[in-house]
Each structure stands twice: as C-alpha cells, then as structure tokens.
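Visitor: I'd like to ask some things about the structure below.
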C-alpha cells in the first residue's frame, strides 16, 4: 500500500460518504411515489439477476480475468448442499473446509 | 399509526432479527477476514474497525481494499468501491415506495439496506416489509463491526486468510439468498442471464460494472413475460 496513515482515513471517510449517498439516493429522489405497474416485475427480478452476478464474479473471476480456484470447488459443494436445504452456517463451514483443504493439498 | 400497525411492525422487526442471525454469523467471519486483510495492507486497528462501522458494505470495502493493497490511489479505490455499491442504487429505487417520511427520514431508512435484508424484505409483489428489513440488518451490523475488530486485533495470529479458505464465505452467503429468490421459471432464466452477462463483461469492464449491468437483465425478463 502506498497511502499514508492520514490518506487511509480520507479513503475510509470518502467511501463511507459515497456509500451513504448511494443508499439514500433512491428513497430520497423518488420520494414516496409509487412506481408504474410494469416496474414491479422488474424489481422482483432484479434480486436474482444481481445475486447470481455477485456469485459468479466471486467464484469465476479474479479482477478482470476469468479464473477458477479451490474456492470455486468449495462454493460448488456448498451450492449443492444449499440446494438440498442444508443450513447456511453448515454450508459455509463445508465451503471453507473444502477450500482450505484443497489449498493445503496443493501447497504441500 | 394504529395499534394494529404497531403490532405488525413489532412482529416484523422481531422476525427480521431472527432471520438476520445466520447471515450475521456468516457476516462476522467475512468481516474478520476484512479486518485481517486491512491490517496486512497497512491499516491501523482503529482504521480497519472504523471502516466496518461507518461503511458497512462488504463488497465495497473488499473492492476498495484490494485496489489500495496493490498500490492503487484513493480515486481508484473509491471508484471500485462505488461501482460495487451501485447495486444499492437499484435496490433503493425498488425500496423507495415502501418507505414513509420526509427526505431525512427516508435517507436514514435507506442506510439500513444490505443485500440480505433487502432480499428477505422483498414481498415478491414489488413492495417491501421495512420493519423486517430493519430487523434483519441489526444483528448483521453488530456482527459486521465486531468481526472487523476481532480480525484487526487478532489478525496476526490468524495468518493468511486465503489459506484458511475464508474467501469461500462471501459467495456462499449470496448463493443462499439467490436460491431463496428462484421462485419460478422467469426468475431462474433471469438469474442465468445475469450470470452470463456478468461473466461476459468481466474481461472488458472494471470490477463492479459486470454486476450492475447484470441487473438490466431483469428488464429483459419482463419483456419476455409480457410477450
């Protein structure tokens, strides 16, 4: 890291301010107006689109390139377990263990 | 407000608190890994902890941190963080009609949105249960802040978070939310479309943009359904 101690504080404050601004924008600018009827379907479908994009970019991409790693396998196993309705915490534990285990084997 | 509405609000809030607990547990470990990574990058214990306390947006924190860890400057880090946060813009627009009050109150209520609370409070008919949203966020905020403090203080003892497999936590967290959303064939198609759009854009856009662009697939889903 090339930032000084003071610059890190500026980064933190800047990120907090921008995050607050982004989160406030929709509720404030739109007010309490209700959206047109067609937009309801868009809103309902936004969650699956955003969430699946978050997942695939986390497990199949590294910065600006596609990549797979031990965590891809770990998350894959957890995905099967989640689909079969295992608890979230158990799935997370398995994902972490599989990922760490594969890395230990690969590193040994 | 009528007594009945108050009761509904309380019940929703309590239900939210309960629903938020598993996500808070997972978020705790995620935040621990943030605290460790921030210390390794050169943040002080106070800086790593305050980041979680006042930013409270995991993907933005990790994105900004990864930029500065590799030598990037403040503008690049803020851009990366804000791009990851751009999805909150879409979520805020969706949530807006379900919030009461004037601009300040609305802005404050908007701050409580995190991915899991937004997804869980989504009634599936275009409206949101705001008290459920607030309730779901409370344990997650507490766990998120605590996690970073723990990670920042004990990070040196933990060592390499990648070796420990902690980077597998975040995607599983979002997968569980995703599966809850896959109610019908349209949502499944949209989820698949969002994944493909995001992956296609990874090599050609800065991190964060693929995720934002994927939300546009929700529009396609509607056009298809009405056709």
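Chains as they are written, first to last, in this note's numbering: chain A, 108 to 215; chain B, 3 to 229. Built from N, CA and C at the ideal position, the CB exists for glycine as well. Computed from a prediction, not measured in an experiment: that's the story for all the values here.
With a 10 Å radius around its C-beta and 16 neighbouring C-beta atoms as the bar for buried, classify residue 117(A) as buried or exposed.
Guide: As a working note, residue 117(A) is residue 10 in the first chain. Exposed: under 16 other Cβ atoms inside 10 Å.
Visitor: Quick one: does the C-beta of residue 124(B) sit closer than 7 Å to a heavy atom of the ligand ATP?
Guide: In terms of ligand content, the structure shown is empty, and the ligand ATP therefore cannot be addressed.
Visitor: To which residues of the same chain is residue 88(B) closer than 7 Å at the C-beta, ignoring the five residues directly before and after it?
Guide: Here residue 88(B) is taken as the residue at index 86 of the second chain, counted from 1. Answer for residue 88(B): 210 and 214, listed in chain order.
Visitor: At which residue ranges does the stretch 150–177 of chain A contain complete beta strand (DSSP E) runs of 3 or more residues, listed in the order of the chain?
Guide: DSSP runs (the beta strand (DSSP E)) wholly in the stretch 150–177 of chain A: none.
Visitor: Evaluate the contact criterion for the stretch 143–159 of chain A versus the stretch 189–198 of chain B: three or more CB pairs, one atom per stretch, below 8 Å.
Guide: Counting Cβ pairs under 8 Å, three or more are found: they touch.
Visitor: Which residue from 164(B), 77(B) and 195(B) puts its Cα closest to that of residue 217(B)?
Guide: Residue 217(B) sits at position 215 when you count from the first residue of the second chain. The candidate whose alpha carbon is nearest that of residue 217(B) is 195(B).
Visitor: Are any of the Cβ atoms in chain B nearer than 8 Å to that of residue 191(A)?
Guide: For the purposes of this step, residue 191(A) is taken as residue 84 along the first chain, with counting starting at 1. False, the Cβ-Cβ gap to chain B never drops below 8 Å.
Visitor: Do three or more CB pairs link the stretch 163–176 of chain A to the stretch 124–141 of chain B at distances below 8 Å?
Guide: No, the stretch 163–176 of chain A does not touch the stretch 124–141 of chain B.
Visitor: Would you kindly report the start and end of the unbroken alpha helix (DSSP H) that includes residue 87(B)?
Guide: Translated into positions along the second chain, residue 87(B) becomes position 85. Run containing residue 87(B): 76–97, per the alpha helix (DSSP H) assignment.
Visitor: Leaving out the 5 sequence neighbours to the left and right, which residues in its chain are closer than 6 Å to residue 181(A) when beta-carbon positions are compared?
Guide: What you label residue 181(A) is simply residue 74 of the first chain in a count that begins at 1. Counting only Cβ-Cβ distances below 6 Å, and skipping sequence neighbours, we find 202, 205 and 206.
Visitor: To the nearest angstrom, how far is the alpha carbon of residue 154(B) from that of residue 199(A)?
Guide: Taking the second chain and counting its residues from 1, one reaches residue 154(B) at position 152. Taking the first chain and counting its residues from 1, one reaches residue 199(A) at position 92. For residue 154(B) and residue 199(A), the distance between alpha carbons rounds to 22 Å.
Visitor: Under a three-way DSSP split, which group does residue 25(B) fall into?
Guide: Walking along the second chain from the start, residue 25(B) turns up at place 23. In this structure, residue 25(B) counts as helix in the three-state DSSP scheme.
Visitor: Could you tell me which whole alpha helix (DSSP H) segments of length 4 or greater appear in the stretch 179–213 of chain B?
Guide: The stretch 179–213 of chain B contains these whole alpha helix (DSSP H) runs: 187–203.
Visitor: Bridge partners for residue 130(B) per DSSP, in chain order?
Guide: Residue mapping note: residue 130(B) aligns to position 128 of the second chain, counting from 1. Answer is 124(B), bridged to residue 130(B).
Visitor: Between the beta-carbon of residue 142(B) and the beta-carbon of residue 13(B), is there less than 8 Å?
Guide: Here residue 142(B) is taken as the residue at index 140 of the second chain, counted from 1. Here residue 13(B) is taken as the residue at index 11 of the second chain, counted from 1. Their beta carbons are not under 8 Å apart, which means residue 142(B) does not touch residue 13(B) by this criterion.
Visitor: Taking Cβ to Cβ, would you say residue 210(A) is nearer than 8 Å to residue 161(B)?
Guide: Taking the first chain and counting its residues from 1, the one referred to as residue 210(A) is at position 103. Taking the second chain and counting its residues from 1, the one referred to as residue 161(B) is at position 159. No, they are not a contact pair.
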